[in-house]
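Scroll down for the structure; my scribbles are underneath it.
Okay, here's the thing in structure tokens:
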């Protein structure tokens, strides 16, 4: 059961990593157009004389960049929409399973750490059992870090596309017309990878889980100490 749940989570994390790489590829393609426009603007502002002499060449370069952007924009938007559909499909199918794993990992971390404290109080030194119990802590922690980091990276890269497009959009009306033609709602809206809609899976989820484990562990230790004090009296 533990192996199956961890393997499932690692598989989803791997898919999110692959999606993040694909989104990064799209963002790099769009950033090339943004950098070309910025480079042209900086170059033309260095010298009025050079700007006047190279006005014709600058216009030709701008038109060439615009044609290239118009040709590739449809492919870029189509690829981005397909990746968003895959992103949402993974979240739809795996959301419930990831929610169950997060709850199970929370229980596993809490029970493992509390079990170590119990053995400390009982003055028992069954090293094999202690090592077996402690070994689950780095396992759950590693899988949680892998899941939350990959989900957060994929989400940020998916939402970064709209930010790059907004920078290109403000460079001129010729680029605005191309972006308006192909820009869809899926690119304008932000996406979030959630645990079956209950909460977003990112690095803050890891912090919340460890905070909850610490809180419940303190409560269990206090109850245990209270029971021991009552029994001694």
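Numbering (mature numbering (1 follows the signal peptide of the UniProt record, and there is no 0)), first residue to last: -20 to -1, 1 to 213.
Quick reminder that beta carbons are idealized off the backbone N, C-alpha and C, glycines included.
Which term fits residue 182, buried or exposed, when burial requires 16 or more other beta carbons within 10 angstroms of its beta carbon? If you number the chain shown from 1, residue 182 lands on position 202. By the 10 Å Cβ count, residue 182 comes out buried.
Is the segment 115 to 124 touching the segment 77 to 94 in the sense that three or more CB pairs, one from each, lie closer than 8 Å? When Cβ pairs closer than 8 Å are counted between the two stretches, the segment 77 to 94 is seen to touch the segment 115 to 124, the count reaching three or more.
In chain order, what residues of the same chain have a beta carbon less than 7 Å from the beta carbon of residue 150, not counting five sequence neighbours either side? Locating residue 150 in the chain shown gives position 170, counting from the first residue. Same-chain partners within the cutoff: there are none.
Alpha carbon of residue 191 to alpha carbon of residue 211, nearest angstrom: Here residue 191 refers to the residue found at position 211 when the chain shown is read from its first residue. Here residue 211 refers to the residue found at position 231 when the chain shown is read from its first residue. Linking residue 191 to residue 211 through their CA atoms gives a straight-line distance of about 30 Å.
C-beta contact flag for residue -9 and residue 78 at 8 Å: Against the chain shown, residue -9 aligns to sequence position 12. Against the chain shown, residue 78 aligns to sequence position 98. Closer than 8 Å, so yes.
Sheet register partners of residue 180 (DSSP bridge): For the purposes of this step, residue 180 is identified with residue 200 of the chain shown, where counting begins at 1. According to DSSP, residue 180 bridges with 174.
Taking the alpha carbon of residue 93 as the reference point, which residue from 121, 46, 82 and 63 has its own alpha carbon closest? Residue 93 sits at position 113 when you count from the first residue of the chain shown. Shortest Cα-Cα distance from residue 93 to any of 121, 46, 82 and 63 involves 121.
With distance defined between alpha-carbon atoms, name the residue in 61, 132, 154 and -17 nearest to residue 81. As a position in the chain shown, residue 81 is number 101, starting the count at 1. For the residues 61, 132, 154 and -17, the minimum Cα distance to residue 81 belongs to -17.
What number of angstroms, rounded off, separates the C-alpha of residue 155 from the C-alpha of residue 144? Walking along the chain shown from the start, residue 155 turns up at place 175. Walking along the chain shown from the start, residue 144 turns up at place 164. Residue 155 and residue 144: Cα-Cα distance of roughly 13 Å.
For residue 153, does the three-state DSSP call read helix, strand or coil? Counting from 1 along the chain shown, the entry for residue 153 is found at position 173. In the structure shown, residue 153 falls within a helical segment according to DSSP collapsed to helix, strand and coil.
Hey, out of 84, 189 and -2, whose CA is closest to residue 135's CA? As a first step, residue 135 must be located in the chain shown, where it is residue number 155. Ranking 84, 189 and -2 by CA distance to the CA of residue 135 puts -2 first.
Same chain only: Cβ atoms within 7 Å of residue 133, ignoring 5 sequence neighbours per side: Within the chain shown, the letter at position 153 stands for residue 133. -1.
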